[in-house]
Amino acid sequence: MRSSGITDTGSKRSSNQDCIYFSDKPVGPMPNLYIVADGMGGHRAGDKASRMAIDITVDFVKRSTIENPIAILKRAMIYANNEIYKAANMDPDLSGMGTTMVAAVVQDGKLYVANVGDSRLYVIGDDIKQITMDHSLVEELIRNGELERKKGRNHPEKNIITRAMGSKDEVVPDFFEIDINPEEKFILCSDGLSNMVEDDEIRDIVVERYNLDDTAQALVDRANYYGGSDNISVVIISE
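Residue numbers (the numbering used here): 67 to 305.
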């Protein structure tokens, strides 16, 4: 596997509460590992939550003896959630902090994905497909038939997250396992990208470029071109 990643403050925010991690080399028993986390809860708290989520998850994976990717990610994310929750309760300055997380592993022709919140994973080939499902108020309204998807992008409560790591003492990640095509690419991103750039335009940017560093930068640049109203993080993966 080969990958590239970038995180950017965006055009409107004064600090970056996103955090990313990407490794094409083995991490513990896993052959690779890719993560995007988007913190919430104020400047210091959001930054702390996303960094803790990734650091604790990566460290847990490194020390794990489990071989199944989903089992590893599940235990790692539950453990990270507990640690973030405890830290938030011990320090008033960190009260209410939390973070989204989307994590992925490529192994034996399959892509294993875990997510909490509204950071996403896309598979991009002839078309673009969102694999993860947002844990957000808007997504719940759409699934319940109370809101049209095309109107969700500009909904006033777009940023309300219904599930996050660290905000409660328990977390329930979603997990996905899909067969992959060697010609496909995979994008992990925070909502700073997906809220600013339409899915079809994300696909066009990805398929028009070969160099992954250039592709990641182009995605961030496009989100900033459209206003860059939030922090923007992208990890792109290819075989």
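Even for Gly, the Cβ is constructed at its ideal location relative to N, Cα and C.
- V189 and R117 have their alpha carbons spaced roughly 25 angstroms apart.
- In the DSSP assignment, L259 falls within the alpha helix (DSSP H) that extends over 257 to 260.
- Linking N147 to H201 through their CA atoms gives a straight-line distance of about 16 angstroms.
- Straight-line spacing of the CA atoms in T198 and C255 works out to 11 angstroms.
- The three-state reading of DSSP puts N290 in helix, counting H, G and I together.
- Within the same chain, Cβ atoms closer than 7 angstroms to the Cβ of I122 are found at Y145, A146, E149, the five residues on either side in sequence being excluded.
- R186 is classed as buried because its beta carbon has at least 16 other beta carbons within 10 Å across all chains shown.
- Annotated as distal: D84 and G71, with beta-carbon spacing of 8 angstroms or more.
- Less than 8 angstroms divides the Cβ of D257 from the Cβ of D184.
- In the three-state scheme derived from DSSP, where H, G and I count as helix and E and B as strand, A153 is classed as helix.
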